[in-house]
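Visitor:
In my numbering, the protein residues as written are 71 to 546.
(1) Verify the CB distance criterion: does residue 481 have a CB-CB separation below 8 Å to chain D?
(2) I'd like the ranges of any alpha helix (DSSP H) spanning at least 4 consecutive residues and lying wholly in the region 261 to 294.
(3) Can you have a look at residue 336 and say buried or exposed, based on whether 16 or more other CB atoms are within 10 angstroms of its CB?
(4) So is residue 390 buried or exposed if we call it buried at 16+ other beta carbons inside 10 Å?
(5) Using three-state DSSP, classify residue 173 as helix, strand or coil.
(6) Give me the Cα-Cα distance between residue 266 and residue 90, rounded to the nearest whole angstrom.
(7) If we call anything under 8 Å between Cβ atoms a contact, is residue 364 one with residue 382?
(8) Below 8 Å on the Cβ atoms is my guess for residue 460 versus residue 415; work out the distance and round it to an integer in Å.
(9) Determine the closest residue to residue 368 out of 437, 334, 319 and 131, with distance taken between C-alpha atoms.
(10) Is the region 286 to 299 close to the region 144 to 156, with three or more CB pairs under 8 Å?
(11) Considering only residues of the same chain and omitting the five flanking positions on each side of residue 442, which have a CB-CB separation below 7 Å?
(12) Using only the heavy atoms of the ligand NAD, determine whether one of them is closer than 7 Å to the beta carbon of residue 432.
(13) For the 8 Å Cβ check, are there 3 or more pairs between the region 133 to 140 and the region 164 to 171?
(14) What are the start and end residues of each continuous beta strand (DSSP E) run of 3 or more residues lying completely inside the region 395 to 443, in chain order?
(15) Do you know offhand how far residue 528's Cα is from residue 179's?
(16) Tell me the start and end of each unbroken beta strand (DSSP E) in the region 107 to 135 that is at least 3 residues and wholly inside, in chain order.
(17) Can you list, in chain order, the residues of its chain with a C-beta nearer than 7 Å to that of residue 314? Leave out the 5 residues immediately preceding and following it.
(18) Specify the secondary structure class of residue 467 as computed by DSSP and reduced to three states.
(19) How big is the Cα-Cα spacing for residue 325 and residue 505?
(20) Between residue 159 and residue 116, what straight-line distance do the alpha-carbon atoms span, to the nearest angstrom?
(21) How is the alpha helix (DSSP H) around residue 98 delimited, first residue to last?
(22) Could you pull the start and end residues of the alpha helix (DSSP H) that residue 319 belongs to?
(23) Comparing alpha-carbon positions, which option in 256, 216 and 258 lies nearest residue 241?
(24) What separation, rounded to the nearest whole angstrom, lies between the Cα atoms of residue 519 and residue 421?
(25) Where do the N-terminal and C-terminal ends of the beta strand (DSSP E) with residue 366 fall, by residue?
(26) Hey, would you say residue 492 sits closer than 8 Å to residue 449, going by beta carbons?
(27) Checking the sheet assignment: what are the DSSP bridge partners for residue 358?
(28) Can you give the Cα-Cα distance for residue 333 and residue 295, rounded to whole angstroms?
(29) Compute the Euclidean distance between the alpha carbons of residue 339 and residue 306, then round it to the nearest angstrom.
(30) So for residue 312, helix, strand or coil by DSSP?
(31) Among residues of its own chain, excluding the 5 on either side of residue 86, which ones have a beta-carbon nearer than 8 Å to its beta-carbon?
(32) Could you have a look at residue 199 and say whether DSSP puts it in helix, strand or coil?
(33) In terms of DSSP beta bridges, what is residue 162 paired with?
(34) Measure the Cβ-Cβ separation of residue 106 and residue 145 and say whether it is below 8 Å.
(35) How close, in whole Å, do the beta carbons of residue 312 and residue 263 come, if the pair is a contact with beta carbons under 8 Å?
(36) Could you give the distance in angstroms between the alpha-carbon of residue 237 and the alpha-carbon of residue 271?
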């Protein structure tokens, strides 16, 4: 209504497109992972590192389009691409494309989907729910920013996945601060050799190679490490070189079979840095593969800045080479060097006192919730660095509380790690807990060295340079 009344003004500011785009993708990463979707984005390397515009309104358009794409796609992929043409010293026209392999939109409905509360197909509405005002608001915001939104459904097929779906495209023209037009977001990398990209999904391999090539890095690709035996032999014989290996963490990598175990054992001799790519629920497995300690982990969807930083360290020989895992002398460096705010959701008084005493002895602050509902309310009203969540609690159990917390935080772009604590250790319990959105799973009675080591790993990996601060409130 503010837009229609002409009362909506853009708030111009300098911003980094990758921070806005990467943060938005991270917001929907857990939901996409839970649905088994391939979820990634790519931005043209020609786009300057700093742009002028309204990042919050741009973020809101992306949230609506990406959120709908994930919501209406049950299998396949959701892909976001940003390209540019005709950059001048002062302006940068951008074309955003959000593609999916979802339910699609009938041709006769496509002109009306940008109207308030228009649902493309009533049968789809019964299955998936409506889109509400999201597309209507997005179209008006794009117009306010000097562009428009269009939809193509079915979307043009891609070689990696010819499934039908939809492609939403919108154009906006953003300003460029003085002297920034010829400054790319990320500089070329100086690596002595190519990088091996290992991922079972062709579309993921293409995205990673596009990224590497834009930094001047050559790459080899493989669907699995087992396919790279000849390359490893050449590296060992000195016939070729590898600067790094990027390995997507899959079930096969986490639980390797005999052939993969043998390959991993031989990798120790190659002395090539290993960088793992994984979603949040896999990050513990990404730290160590077959007894080899990795040089770093990048959370998916891959943010170019984080991967570029790790590869820069590779080029400068600042990353540790793979070696047999060994526990550091100070296992709890973070926990013992700075205070953190814990939320302990636990109904047992004895367990409460024991946990609080242990954590406060390490100079941490602990807030206690008696049940899942209290935990949800406390997370809504305060900030916590990590949550210790008992699974069996009265009024609301820990899994339900975790799911609600994840959903509430997703809408705001926040993410608080959760460690599940449970007296149950039946087959399938761990998988059930992880599926609810927890980051780690421990059984009771709690072994404190295990707890501290788990929390330490999570805090080390919970780098959030791209977390959204505040998603703009709904326009009413």
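Note that the Cβ used here is the ideal one computed from N, Cα and C, for glycine as well.
Guide: Quick answer:
(1) As a matter of chain content, chain D is missing from the structure shown, which is built from one protein chain.
(2) Correct list: 272 to 284.
(3) As a first step, residue 336 is located in the chain shown; it is residue number 266 there, counting from the start. Exposed, because fewer than 16 other Cβ atoms sit within 10 Å of the Cβ of residue 336.
(4) Your numbering for residue 390 matches position 320 in the chain shown. For residue 390, the predicted structure reports a pLDDT of 46, less than 50, and the residue's modelled location is therefore unreliable. The matter cannot be settled from this model.
(5) Taking the chain shown and counting its residues from 1, one reaches residue 173 at position 103. Coil at residue 173, not helix or strand.
(6) As a first step, residue 266 must be located in the chain shown, where it is residue number 196. As a first step, residue 90 must be located in the chain shown, where it is residue number 20. Using only the alpha carbons, I get a separation of about 29 Å.
(7) For the purposes of this step, residue 364 is identified with residue 294 of the chain shown, where counting begins at 1. For the purposes of this step, residue 382 is identified with residue 312 of the chain shown, where counting begins at 1. Result no, Cβ atoms of residue 364 and residue 382 do not sit closer than 8 Å.
(8) Residue mapping note: residue 460 aligns to position 390 of the chain shown, counting from 1. Residue mapping note: residue 415 aligns to position 345 of the chain shown, counting from 1. Between residue 415 and residue 460 the Cβ distance is about 6 Å, and since that is below 8 Å, they are a contact.
(9) Looking up residue 368 in the chain shown gives position 298. Nearest C-alpha to residue 368: 319.
(10) Short answer: they don't touch.
(11) For the purposes of this step, residue 442 is taken as residue 372 along the chain shown, with counting starting at 1. These residues qualify, in order along the chain: 415, 463, 465, 466, 467, 468, 470 and 471.
(12) What this structure holds is no ligand at all, so the ligand NAD is not there to describe.
(13) Three or more pairs of CB atoms, one per stretch, sit closer than 8 Å, so the region 133 to 140 contacts the region 164 to 171.
(14) As far as the region 395 to 443 is concerned, its whole beta strand (DSSP E) runs of at least 3 residues are 411 to 415 and 435 to 439.
(15) The count along the chain shown starts at 1 and reaches residue 528 at position 458. The count along the chain shown starts at 1 and reaches residue 179 at position 109. So the alpha carbons of these two residues sit roughly 46 Å apart.
(16) Listed in chain order, the complete beta strand (DSSP E) runs (minimum 3 residues) inside the region 107 to 135 are 108 to 113 and 121 to 123.
(17) Along the chain shown, one-based indexing puts residue 314 at 244. Correct list, in chain order: 265, 342, 343, 345, 381 and 384.
(18) Counted from its first residue, the chain shown places residue 467 at position 397. It is coil, neither helix nor strand.
(19) Position 255 of the chain shown holds residue 325. Position 435 of the chain shown holds residue 505. If you draw a straight line from the Cα of residue 325 to the Cα of residue 505, it comes to about 18 Å.
(20) Taking the chain shown and counting its residues from 1, the one referred to as residue 159 is at position 89. Taking the chain shown and counting its residues from 1, the one referred to as residue 116 is at position 46. Residue 159 and residue 116: Cα-Cα distance of roughly 13 Å.
(21) Counting from 1 along the chain shown, the entry for residue 98 is found at position 28. Start and end: 87 to 104.
(22) Within the chain shown, the letter at position 249 stands for residue 319. Element bounds for residue 319: n/a, residue is neither H nor E.
(23) As a working note, residue 241 is residue 171 in the chain shown. Comparing Cα positions, the closest option is 216.
(24) Taking the chain shown and counting its residues from 1, the one referred to as residue 519 is at position 449. Taking the chain shown and counting its residues from 1, the one referred to as residue 421 is at position 351. Between the alpha carbons of residue 519 and residue 421 lies a gap of roughly 16 Å.
(25) Here residue 366 refers to the residue found at position 296 of the chain shown. 366 to 369 is the span of the beta strand (DSSP E), which, as asked, contains residue 366.
(26) For the purposes of this step, residue 492 is identified with residue 422 of the chain shown, where counting begins at 1. For the purposes of this step, residue 449 is identified with residue 379 of the chain shown, where counting begins at 1. Contact flag unset, no.
(27) Stepping through the chain shown from its first residue, residue 358 is reached at position 288. When beta bridges are read from the DSSP output, residue 358 appears opposite 363.
(28) One-based indexing of the chain shown puts residue 333 at position 263. One-based indexing of the chain shown puts residue 295 at position 225. When rounded, the distance between both Cα atoms is 8 Å.
(29) Here residue 339 refers to the residue found at position 269 when the chain shown is read from its first residue. Here residue 306 refers to the residue found at position 236 when the chain shown is read from its first residue. Cα to Cα, the separation comes out at about 8 Å.
(30) Here residue 312 corresponds to residue number 242 of the chain shown, with the count starting at 1. DSSP places residue 312 in coil when its eight states are reduced to three.
(31) Locating residue 86 in the chain shown gives position 16, where the first residue counts as 1. Excluding sequence neighbours, residue 86 sits near 119, 120, 121 and 255.
(32) Position 129 of the chain shown holds residue 199. Because residue 199 carries a pLDDT of 39, less than 50, the predicted location of this residue cannot be relied on, and the following value inherits that uncertainty. Here residue 199 sits in coil by DSSP.
(33) Translated into the one-based positions of the chain shown, residue 162 becomes position 92. 244.
(34) Walking along the chain shown from the start, residue 106 turns up at place 36. Walking along the chain shown from the start, residue 145 turns up at place 75. Yes, the Cβ-Cβ distance between residue 106 and residue 145 is below 8 Å.
(35) To locate residue 312, count along the chain shown from 1; it is residue 242. To locate residue 263, count along the chain shown from 1; it is residue 193. Between residue 263 and residue 312 the Cβ distance is about 5 Å, and since that is below 8 Å, they are a contact.
(36) Here the question's residue 237 lines up with position 167 in the chain shown. Here the question's residue 271 lines up with position 201 in the chain shown. If I take the Cα positions, the gap works out to 21 Å.
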